[in-house]
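Engineer:
2 protein chains.
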Amino acid sequence: MKNFSFYSPTIIKFGEGSIGKLQKLVEGKYERVLLHYGGGSIKKNGVYQQTIEQLENAGVEVFELGGVKPNPALSMVREGIELAKEKKIDLVLAVGGGSVIDSAKAIALGALSDSDIWDFFLGKESVEKVLPVGVVLTIPATGSEASMGSVVTNEDKNQKMSVNDDLLRPAFAIMDPEYTMTLPREQTFAGVMDILSHIFERYFTHTEYVELTDRLAEATIKTVVNNAYKLLENPDDYNARAEIMLSGTIAHNGLLGMGREDDWASHQLGHQLSALYGATHGVTLGVIFPAWMKYVYRENLDIFNQFAVNVFGVSAFGNTQEHVALEGIRHFEEFLKEIGLPRTLTEAGLPTNEFERMADLAVSMGSFGALKTISREDAINIYKLAE
Amino acid sequence: MKNFSFYSPTIIKFGEGSIGKLQKLVEGKYERVLLHYGGGSIKKNGVYQQTIEQLENAGVEVFELGGVKPNPALSMVREGIELAKEKKIDLVLAVGGGSVIDSAKAIALGALSDSDIWDFFLGKESVEKVLPVGVVLTIPATGSEASMGSVVTNEDKNQKMSVNDDLLRPAFAIMDPEYTMTLPREQTFAGVMDILSHIFERYFTHTEYVELTDRLAEATIKTVVNNAYKLLENPDDYNARAEIMLSGTIAHNGLLGMGREDDWASHQLGHQLSALYGATHGVTLGVIFPAWMKYVYRENLDIFNQFAVNVFGVSAFGNTQEHVALEGIRHFEEFLKEIGLPRTLTEAGLPTNEFERMADLAVSMGSFGALKTISREDAINIYKLAE
């Protein structure tokens with residue numbers, strides 16, 4: 291096990307009706323709230339009205355910035371920063387999914403800085419102070435409600451990049467599984483893939499003697515897979531929604547990465563598909579992960595065998611390690627098929643004649659990954675495998 | 291799944307040499323530190339000297355209160371509160387195991403209150419403000435390094451009671467598995483039982499649809515059991531020590547209780563053995579849990595079956611639920627035997643002719659427990675089963 295730090299201070303209020311806790315979380319602590327949200331679905335399903343009511347009861351002044359799009363745009367972040375500075379905002383409240391939360395985090399960071407916000411994403415500036423961010427979660431997927439990261443897309447440069455710091459962890463997150471009942475099917479399952487990807491990025495590494503986090507990761511993967519199947523049968527299953535929502539937080543709050551290296555190559559490869567073609571984040575991960583797995587599994591046959599046996603119940607008896615590893619990957623692809631996610635660039639309607647362009651963008655900050663360091667050539671090979 | 295709140299803000303610095311992080315955690319934040327510790331073993335193994343060096347580098351003024359005993363005494367808590375008030379302490383730093391940490395928490399609570407500290411344990415006062423508590427952990431067992439609880443013994447009244455509030459969660463915990471290498475064998479395995487008990491108290495309940503926490507709990511139990519066996523073979527196994535130390539935190543920081551009721555009947559029954567006879571906390575749990583399990587398993591055969599199958603690999607095929615449940619309990623008792631813990635009052639050298647006295651004390655605040663509500667008569671029956 292490696293040495294590590296762990297700090298996850300987000301207050302989680304979980305369950306049906308937990309929006310009722312918002313007033314107390316805000317009252318007396320904050321005065322001027324920036325309410326940040328997406329395309330307006332929260333106005334249709336009542337979440338907006340419930341949030342406003344709580345904020346009014348809390349007696350805070352509310353400023354609004356809606357219209358965040360998937361793969362949140364730097365331009366809107368800049369707009370939010372300007373607004374936050376002008377209105378002397380002291381809490382950025384994200385109501386929505388990962389894109390809204392990540393946009394809110396970037397605004398909260400930029401609001402207290404004189405530097406250009408993109409410099410934080412380029413690693414030229416380090417995070418020193420951030421406005422508090424609150425979350426009312428409506429899409430379980432990115433885990434941003436308790437994570438240390440924010441991912442934003444610079445539209446002018448086709449760059450999708452992240453900034454990571456414990457200070458970016460939200461102060462609180464209100465998580466009501468009821469809010470996820472009306473999600474379109476594709477968004478539900480793209481979210482499921484996103485959640486799994488956060489576990490995979492931590493699980494498939496070289497670190498030895500990480501038994502607790504191996505077991506916790508497998509526990510979370512199994513719960514996500516099992517409850518995704520339940521949602522296929524019955525999208526209105528509150529408890530299955532709850533299991534997946536909670537798994538999304540656990541998958542990415544750092545718990546499952548304790549004491550181990552993490553990888554993030556598949557995220558890096560997937561981000562380029564969002565930056566170039568606007569592809570849904572979870573969809574890009576479903577396309578990249580099987581290809582990445584097939585490209586790298588020989589780097590650590592043991593962990594891919596453990597995955598196959600402990601998660602999907604593949605029998606190790608009488609089979610080669612190679613065979614068992616591939617069986618695990620096959621089971622995972624089968625799962626993707628069942629939940630209706632594309633497993634290839636072709637199935638996702640993404641180009642299959644721009645591998646070099648994708649790879650160039652992926653390695654623009656250098657090679658990446660941990661289980662295997664991914665060079666430009668490796669990136670091309672993985673995109674090809676995903677064809 | 292039940293609605294729940296979760297808040298676990300403790301900064302964890304984990305791994306060999308992590309004491310080196312103490313200076314930065316303290317510097318510029320605190321000025322007057324109460325260093326609280328136990329019987330002096332930290333002076334023999336160098337932990338005391340390393341801690342003092344870090345505090346000196348941090349430029350804080352240090353006041354000392356050593357001599358905390360297992361089942362920490364209210365009298366010493368009172369002494370600490372007086373000292374903390376007099377010296378205007380702004381951080382209570384516990385260096386030791388659960389007893390020292392729990393004593394430190396009670397001091398931190400009392401230092402900011404004019405009420406009598408025992409009133410908080412009796413539920414007459416509610417927690418509103420607490421001095422920050424820091425931890426340098428030397429014994430993995432109680433999970434107090436990140437938990438919301440403090441358990442203290444009122445020697446005059448033979449009462450061992452707890453106070454629980456999120457404000458009692460430590461600000462930081464330094465956890466170096468190397469510090470646990472020199473623990474006596476009995477203390478190591480009493481700690482293992484204490485860790486398991488915190489999982490059991492949350493796992494064996496009636497709440498349905500708690501798949502994620504069921505799986506996470508089983509993951510942690512398996513890790514603890516497996517690594518306890520490794521320590522039997524080789525007490526110097528750093529990675530096994532690390533797995534158990536980390537499991538101890540996860541077992542009791544609230545993660546495994548998310549969305550489910552918890553029980554605590556076995557703790558309540560065990561506490562009386564400590565209050566009356568000074569028995570080691572972990573030892574009392576090893577004595578009580580098998581008896582409690584046998585007394586209550588019919589209340590929820592499903593969860594005891596799940597335990598048997600998922601943790602100990604008992605085969606459910608061709609067996610009655612009754613048989614499978616009892617097989618799980620038998621496996622657990624077998625484990626206790628292997629690690630050398632007493633499984634009965636007799637083996638623990640505790641009285642077997644004072645069941646009524648034990649039970650009277652246990653129900654002094656009323657009946658208790660969740661899987662089954664334990665009355666005075668139930669308590670007597672369970673103590674008898676533990677004979």
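Chains A and B supply the protein sequences, listed in that same order. Using the numbering used here, you'd call the opening residue of the first sequence number 291 and step up by one each time. Using the numbering used here, you'd call the opening residue of the second sequence number 291 and step up by one each time. By construction, the Cβ of each residue, glycine as well, lies at the ideal position given by its N, Cα and C atoms.
Quickly, what does DSSP pair B:GLU354 with across the bridge? List them, please.
Structural biologist: The residue labelled residue 354 of chain B in the question sits at position 64 within the second sequence. B:LEU325.
Engineer: Decide if A:GLN344 is buried, meaning its Cβ has at least 16 other Cβ atoms within 10 Å, or exposed.
Structural biologist: As a first step, residue 344 of chain A is located in the first sequence; it is residue number 54 there, counting from the start. Classification of A:GLN344: buried, given that the 10 Å Cβ count is 16 or more.
Engineer: For B:VAL442, which of B:LYS333, B:ASN595, B:ALA565 and B:GLU508 has the nearest alpha-carbon?
Structural biologist: Within the second sequence, residue 442 of chain B is the residue found at index 152, counting from 1. The shortest Cα separation from B:VAL442 among B:LYS333, B:ASN595, B:ALA565 and B:GLU508 belongs to B:ALA565.
Engineer: Consider the Cβ of A:MET291: report whether some Cβ of chain B lies at a distance smaller than 8 Å.
Structural biologist: Counting from one through the first sequence, the residue named residue 291 of chain A turns up at place 1. With 8 Å as the cut-off, A:MET291 counts as an interface residue toward chain B.
Engineer: Taking 8 Å as the threshold (beta carbon to beta carbon), is B:TYR493 in contact with chain A?
Structural biologist: Numbered from its first residue, the second sequence carries residue 493 of chain B at position 203. For B:TYR493, the answer is no, since every Cβ of chain A falls outside 8 Å of its Cβ.
Engineer: Taking 8 Å as the threshold, find out whether the region 463 to 475 of chain B comes into contact with the region 568 to 587 of chain B through three or more Cβ pairs.
Structural biologist: Taking 8 Å as the limit for Cβ pairs, the verdict is that the region 568 to 587 of chain B does not touch the region 463 to 475 of chain B.
Engineer: Going along chain B in order, which residues have a C-beta closer than 7 Å to the C-beta of A:LYS512?
Structural biologist: Taking the first residue of the first sequence as 1, we reach residue 512 of chain A at position 222. ARG505, listed in chain order.
Engineer: Whose Cβ in chain B lies nearer than 7 Å to the Cβ of A:GLU418?
Structural biologist: Numbered from 1 along the first sequence, position 128 holds the residue referred to as residue 418 of chain A. The contacting residues do not exist; A:GLU418 stays about 14 Å from chain B at best.
Engineer: Tell me which same chain residues have a C-beta within less than 6 Å of the C-beta of B:GLU445, skipping the five on either side of it?
Structural biologist: Here residue 445 of chain B is taken as the residue at index 155 of the second sequence, counted from 1. ALA363, listed in sequence order.
Engineer: Answer with yes or no whether the minimum CB distance from A:LYS334 to chain B is below 8 Å.
Structural biologist: Start at 1 with the first residue of the first sequence, and residue 334 of chain A comes out as number 44. No - not a single Cβ of chain B is within 8 Å of the one on A:LYS334.
Engineer: With a Cβ-Cβ cutoff of 8 Å, do B:GLY576 and B:PRO632 count as a contact?
Structural biologist: Taking the second sequence and counting its residues from 1, one reaches residue 576 of chain B at position 286. Taking the second sequence and counting its residues from 1, one reaches residue 632 of chain B at position 342. Yes, the Cβ-Cβ distance between B:GLY576 and B:PRO632 is below 8 Å.
Engineer: What distance in whole Å lies between the Cβ atoms of A:VAL599 and A:VAL614, which are believed to be in contact at a cut-off of 8 Å?
Structural biologist: For the purposes of this step, residue 614 of chain A is taken as the residue at position 324 of the first sequence. For the purposes of this step, residue 599 of chain A is taken as the residue at position 309 of the first sequence. Indeed, because the Cβ distance is near 7 Å, the residues count as touching under 8 Å.
Engineer: With B:LEU559 and B:ILE672 assumed to form a contact (beta carbons below 8 Å), what rounded beta-carbon distance in angstroms separates them?
Structural biologist: Residue numbering aside, residue 559 of chain B sits at position 269 when the second sequence is read from its first letter. Residue numbering aside, residue 672 of chain B sits at position 382 when the second sequence is read from its first letter. Correct: roughly 6 Å between the Cβ atoms.
Engineer: Between the Cα of A:GLU321 and the Cα atoms of A:ASN347, A:TYR327 and A:LYS334, which residue gives the shortest distance?
Structural biologist: Within the first sequence, residue 321 of chain A is the residue found at index 31, counting from 1. It is A:ASN347.
Engineer: Which residues in chain E have a C-beta closer than 9 Å to the C-beta of B:PRO299? List them in chain order.
Structural biologist: Included in the structure are the protein chains A and B, with no chain E among them.
Engineer: Say whether chain A places a C-beta atom closer than 8 Å to the C-beta of B:TYR469.
Structural biologist: The residue labelled residue 469 of chain B in the question sits at position 179 within the second sequence. Answer no: the Cβ-Cβ gap between B:TYR469 and chain A never drops below 8 Å.
Engineer: Taking the beta carbon of B:ASN643 as the centre, do at least 16 other beta carbons fall within 10 Å, making it buried, or is it exposed?
Structural biologist: Numbered from its first residue, the second sequence carries residue 643 of chain B at position 353. It counts as exposed.
Engineer: For the alpha helix (DSSP H) containing B:LYS512, name the first residue and the last one.
Structural biologist: Working through the second sequence from its first residue, we reach residue 512 of chain B at position 222. Its alpha helix (DSSP H) spans residues 501 to 523.
Engineer: Rounded to a whole number of angstroms, what is the C-alpha to C-alpha distance between A:ASN454 and A:PHE411?
Structural biologist: Taking the first sequence and counting its residues from 1, one reaches residue 454 of chain A at position 164. Taking the first sequence and counting its residues from 1, one reaches residue 411 of chain A at position 121. Whole-angstrom Cα-Cα distance: 9 Å.
Engineer: How close, in whole Å, do the beta carbons of A:THR432 and A:HIS542 come, if the pair is a contact with beta carbons under 8 Å?
Structural biologist: Against the first sequence, residue 432 of chain A aligns to sequence position 142. Against the first sequence, residue 542 of chain A aligns to sequence position 252. The Cβ separation is near 7 Å, so the contact holds.
Engineer: Just to confirm before moving on: does the CB-CB distance between A:GLY481 and A:ILE429 stay below 8 Å?
Structural biologist: Counting from 1 along the first sequence, the entry for residue 481 of chain A is found at position 191. Counting from 1 along the first sequence, the entry for residue 429 of chain A is found at position 139. Contact flag set, yes.
Engineer: Counting only beta-carbon separations shorter than 8 Å, does B:LEU381 have a partner in chain A?
Structural biologist: The count along the second sequence starts at 1 and reaches residue 381 of chain B at position 91. False, the Cβ-Cβ gap to chain A never drops below 8 Å.
Engineer: Identify which residue in B:THR513, B:ASP668 and B:ALA518 has its Cα closest to the Cα of B:GLY630.
Structural biologist: Your numbering for residue 630 of chain B matches position 340 in the second sequence. The shortest Cα separation from B:GLY630 among B:THR513, B:ASP668 and B:ALA518 belongs to B:ALA518.
Engineer: Suppose the cutoff is 7 Å on Cβ atoms and the five residues either side in sequence are ignored; what does the same chain contact list for B:LEU616 look like?
Structural biologist: As a position in the second sequence, residue 616 of chain B is number 326, starting the count at 1. None.
Engineer: With a CB to CB cut of under 8 Å and the five nearest residues on each side skipped, what residues in its chain are close to A:ARG666?
Structural biologist: Locating residue 666 of chain A in the first sequence gives position 376, where the first residue counts as 1. Closer than 8 Å at Cβ, skipping near neighbours: ALA649, ASP650, ALA652, VAL653 and SER657.
Engineer: DSSP state of A:GLY547, grouped into three classes?
Structural biologist: As a position in the first sequence, residue 547 of chain A is number 257, starting the count at 1. In the structure shown, A:GLY547 sits in a helix (DSSP, three-state: H, G or I).
Engineer: Apart from the five residues on each side of it in sequence, which residues of its chain come closer than 6 Å, Cβ to Cβ, to A:ASP456?
Structural biologist: Position 166 of the first sequence, counting from 1, holds the residue named residue 456 of chain A. Closer than 6 Å at Cβ, skipping near neighbours: TYR297 and MET438.
Engineer: Count the other CB atoms within 10 Å of the CB of B:GLU508; is the residue buried (16 or more) or exposed (fewer)?
Structural biologist: Here the question's residue 508 of chain B lines up with position 218 in the second sequence. Label assigned to B:GLU508: buried.
Engineer: Identify whether A:ILE429 lies in helix, strand or coil by the three-state DSSP scheme.
Structural biologist: Start at 1 with the first residue of the first sequence, and residue 429 of chain A comes out as number 139. Coil.
Engineer: Using only alpha-carbon positions, find the residue among B:GLY639, B:SER365 and B:GLY603 that is nearest to B:SER400.
Structural biologist: In the second sequence, the residue the question calls residue 400 of chain B occupies position 110. Correcting the residue identity first, residue 400 of chain B is Gly in this sequence and not Ser. Answer by Cα proximity: B:SER365.
Engineer: List the residues of chain A that B:MET483 touches, going by C-beta distances under 8 Å, in chain order.
Structural biologist: Along the second sequence, read from residue 1 onward, the residue named residue 483 of chain B stands at position 193. Within chain A, no residue comes near B:MET483; the closest Cβ sits about 18 Å away, beyond 8 Å.
Engineer: Skipping 5 residues on each side, what residues in its chain have a beta carbon closer than 6 Å to that of A:TYR338?
Structural biologist: For this step, residue 338 of chain A is matched to residue 48 along the first sequence. Around A:TYR338: ILE332.
Engineer: Going along chain B, which residues have a C-beta under 8 Å from A:SER537?
Structural biologist: Counting from one through the first sequence, the residue named residue 537 of chain A turns up at place 247. Those are LEU502, listed as they occur along chain B.
Engineer: Output needed in chain order: residues of the region 521 to 535 of chain A with a Cβ under 7 Å from some Cβ in chain B.
Structural biologist: Result list: ASN529, ALA532 and GLU533.
Engineer: Between B:ILE664, B:ILE593 and B:LYS520, which lies nearest to B:ARG505 when the distance is taken from Cα to Cα?
Structural biologist: Here residue 505 of chain B refers to the residue found at position 215 when the second sequence is read from its first residue. That would be B:ILE593, whose Cα lies nearest to the Cα of B:ARG505.
Engineer: Beta strand (DSSP E) containing A:TYR297: first to last residue?
Structural biologist: Counted from its first residue, the first sequence places residue 297 of chain A at position 7. From DSSP, the beta strand (DSSP E) with A:TYR297 extends over 294 to 304.
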